[in-house]
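Residue numbers (UniProt numbering): 1 to 259. No residue lacks a Cβ here, since even glycine has one placed at the ideal position from N, Cα and C. Structure first, then comments.
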Amino acid sequence: METDIPILEQDQSSPTPKHIFILSGQSNMAGRGGVSKHHHWDGIVPPDCQPHPSIIRLSAKLNWEEAHEPLHCDIDTRKVCGVGPGMSFANAVREQLGSECVGLVPCAVGGTAIKEWARGQHLYESMVKRTKESVKSKGEIKALLWYQGETDTSSHHDATAYKANMETLIHNVRQDLGLPSLPVIQVAIASGDARYIKTVREAQLGINLPNVICVDAKGLPLKEDHLHLTTEAQVKLGHMLADAFLTHFIAPSQSSSLA
């Protein structure tokens with residue numbers, strides 16, 4: 001395992017990200033849209049998720065490159081990734097922010113519980129490291145998009161501890177990034193173990209911290225596994241996340257002239 005963070009490399013012909021967004025959580029953020037029960041992605045990219053020269057992503061090797069589906073293919077490597085909410089979010093935000101480049105920092109890993117995202121754990125430390133590396137390009141971190149919690153519905157202990165764990169995560173990320181007011185847009189889960197999904201959802205919807213917004217995925221179509229969002233649902237969720245960001249964190253007058 002490398003001890004030094006490699007120097008961020010960037011193709012001189014590619015744009016520099018102005019607005020940076022962290023994408024984190026578990027499988028529904030990593031994206032399973034279009035992935036069959038046989039673990040094959042159908043390769044279908046909806047119009048709202050098409051690549052654009054002004055949308056780039058930070059690869060697993062810490063290089064900026066043009067973003068395209070599946071965004072998490074080299075991050076969530078234990079499973080097959082498909083369409084997630086990241087690209088439809090980025091396209092929607094880009095249209096409102098003018099010509100400024102949007103940078104995405106994929107960090108989500110499927111099947112992970114929130115305790116695996118505690119400070120000192122590999123997933124958390126990797127997310128913080130990747131995020132710190134992303135701003136070396138002089139961009140600004142605009143928000144953390146968080147979709148996780150399905151795994152925590154499997155036990156009463158995990159479900160009841162979720163609210164405190166999520167609040168701690170938000171505090172730690174803000175502290176470790178030196179961004180005390182970092183906007184956090186979390187998604188209230190739409191699936192999970194029926195015994196404790198209500199407990200986790202109540203925790204997510206009940207978090208009352210400054211600059212923390214919750215978008216509810218309940219009602220969005222699920223795949224036949226009753227766990228992952230369909231491609232169409234992921235596209236819609238991306239728009240919901242974009243609407244939440246633009247409504248709560250961008251003034252109307254800034255939409256086309258944000259510096």
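Exercise. Per DSSP, what kind of secondary structure is P183 in: helix, strand or coil?
Worked result: Walking along the sequence shown from the start, residue 183 turns up at place 183. DSSP places P183 in coil when its eight states are reduced to three.
Exercise. By a C-beta neighbour count over all protein chains shown, 10 Å radius and 16 as the cutoff for buried, is A164 buried or exposed?
Worked result: Start at 1 with the first residue of the sequence shown, and residue 164 comes out as number 164. Classification of A164: exposed, given that the 10 Å Cβ count is below 16.
For this session: From the DSSP output, in three-state form, read off H122 for me.
Result: As a position in the sequence shown, residue 122 is number 122, starting the count at 1. Helix at H122.
For this session: Can you have a look at T247 and say buried or exposed, based on whether 16 or more other CB atoms are within 10 angstroms of its CB?
Result: Position 247 of the sequence shown, counted from the first residue, corresponds to residue 247. T247 comes out exposed.
Exercise. When the Cα atoms are used, what is the spatial distance from L220 to C214?
Worked result: On the sequence shown, residue 220 is found 220 positions in, with the first residue counted as 1. On the sequence shown, residue 214 is found 214 positions in, with the first residue counted as 1. Straight-line Cα distance between these residues: approximately 15 Å.
Exercise. Helix, strand or coil: which one does DSSP assign to H40?
Worked result: Counting from one through the sequence shown, the residue named residue 40 turns up at place 40. H40 falls in the coil class under three-state DSSP.
Problem set entry | Limits of the alpha helix (DSSP H) - the one that G86 falls within | What you label residue 86 is simply residue 86 of the sequence shown in a count that begins at 1. G86: member of the alpha helix (DSSP H) spanning G86 to L97, first to last residue.
Problem set entry | CB-CB length for Q148 against T112, believed under 8 Å | Locating residue 148 in the sequence shown gives position 148, where the first residue counts as 1. Locating residue 112 in the sequence shown gives position 112, where the first residue counts as 1. Indeed they touch by this definition, with Cβ atoms about 7 Å apart.
Exercise. Just how far apart, CA to CA, sit S181 and K142?
Worked result: Looking up residue 181 in the sequence shown gives position 181. Looking up residue 142 in the sequence shown gives position 142. Cα-Cα distance, rounded: 10 Å.
Problem set entry | C-beta atoms of H68 and C81 nearer than 8 Å | Numbered from its first residue, the sequence shown carries residue 68 at position 68. Numbered from its first residue, the sequence shown carries residue 81 at position 81. Result no, Cβ atoms of H68 and C81 do not sit closer than 8 Å.
Exercise. Hey, out of W64, M127 and L241, whose CA is closest to K18's CA?
Worked result: As a position in the sequence shown, residue 18 is number 18, starting the count at 1. When each option's Cα is compared against that of K18, the closest is W64.
Exercise. For L177 versus V128, is the C-beta distance shorter than 8 Å?
Worked result: Residue 177 sits at position 177 when you count from the first residue of the sequence shown. Residue 128 sits at position 128 when you count from the first residue of the sequence shown. In this structure, L177 sits near V128, with a CB-CB distance shorter than 8 Å.
Exercise. In whole angstroms, what is the alpha-carbon distance linking A60 and V212?
Worked result: Start at 1 with the first residue of the sequence shown, and residue 60 comes out as number 60. Start at 1 with the first residue of the sequence shown, and residue 212 comes out as number 212. One Cα belongs to A60, the other to V212, and the distance between them is close to 27 Å.
Exercise. For T151 versus I197, is the C-beta distance shorter than 8 Å?
Worked result: Looking up residue 151 in the sequence shown gives position 151. Looking up residue 197 in the sequence shown gives position 197. No, Cβ-Cβ distance for T151 and I197 is not below 8 Å.
For this session: Please classify L227: does DSSP put it in a helix, a strand, or coil?
Result: Position 227 of the sequence shown holds residue 227. L227: coil per DSSP, three-state reduction.
Problem set entry | CB contact flag (A242, F89, <8 Å) | The sequence position of residue 242 within the sequence shown is 242, counting from 1. The sequence position of residue 89 within the sequence shown is 89, counting from 1. Yes, Cβ-Cβ distance for A242 and F89 is below 8 Å.
Exercise. In whole angstroms, what separates the C-alpha of E140 from that of I20?
Worked result: On the sequence shown, position 140 is the one that residue 140 refers to. On the sequence shown, position 20 is the one that residue 20 refers to. The straight-line gap from Cα to Cα measures roughly 6 Å.
Exercise. Short check: CB of N28 to CB of H228, under 8 Å?
Worked result: One-based indexing of the sequence shown puts residue 28 at position 28. One-based indexing of the sequence shown puts residue 228 at position 228. Yes, they are a contact pair.
Exercise. What are the boundary residues of the alpha helix (DSSP H) that includes Y162?
Worked result: Residue 162 sits at position 162 when you count from the first residue of the sequence shown. Start and end: H156 to L177.
Exercise. What's the C-alpha gap between G34 and K236?
Worked result: One-based indexing of the sequence shown puts residue 34 at position 34. One-based indexing of the sequence shown puts residue 236 at position 236. One alpha carbon belongs to G34, the other to K236, and they sit about 14 Å apart.
Problem set entry | Those residues which DSSP pairs with S24 across a bridge | If you number the sequence shown from 1, residue 24 lands on position 24. Per the DSSP secondary-structure output, S24 pairs in a beta bridge with W146.
Exercise. C49 by DSSP, collapsed to three states: which one?
Worked result: As a first step, residue 49 must be located in the sequence shown, where it is residue number 49. Helix.
Problem set entry | Presumed contact (8 Å Cβ cut-off) between I185 and A217, rounded CB distance | Taking the sequence shown and counting its residues from 1, one reaches residue 185 at position 185. Taking the sequence shown and counting its residues from 1, one reaches residue 217 at position 217. The Cβ separation is near 12 Å, so there is no contact.
Exercise. Is the distance from the Cβ of L58 to the Cβ of S134 below 8 Å?
Worked result: For this step, residue 58 is matched to residue 58 along the sequence shown. For this step, residue 134 is matched to residue 134 along the sequence shown. Yes.
Problem set entry | Local conformation of R57 per DSSP, three classes | Taking the sequence shown and counting its residues from 1, the one referred to as residue 57 is at position 57. Correct three-state label for R57: strand.
For this session: Could you give the DSSP three-state label for L209: helix, strand or coil?
Result: One-based indexing of the sequence shown puts residue 209 at position 209. Note: L209 maps to coil in three-state DSSP.
Exercise. Given that a residue counts as buried once 16 or more other Cβ atoms are within 10 Å of its Cβ, and exposed if not, what is N91?
Worked result: Here residue 91 refers to the residue found at position 91 when the sequence shown is read from its first residue. The residue in question, N91, is buried, as its Cβ has 16 or more Cβ neighbours within 10 Å.
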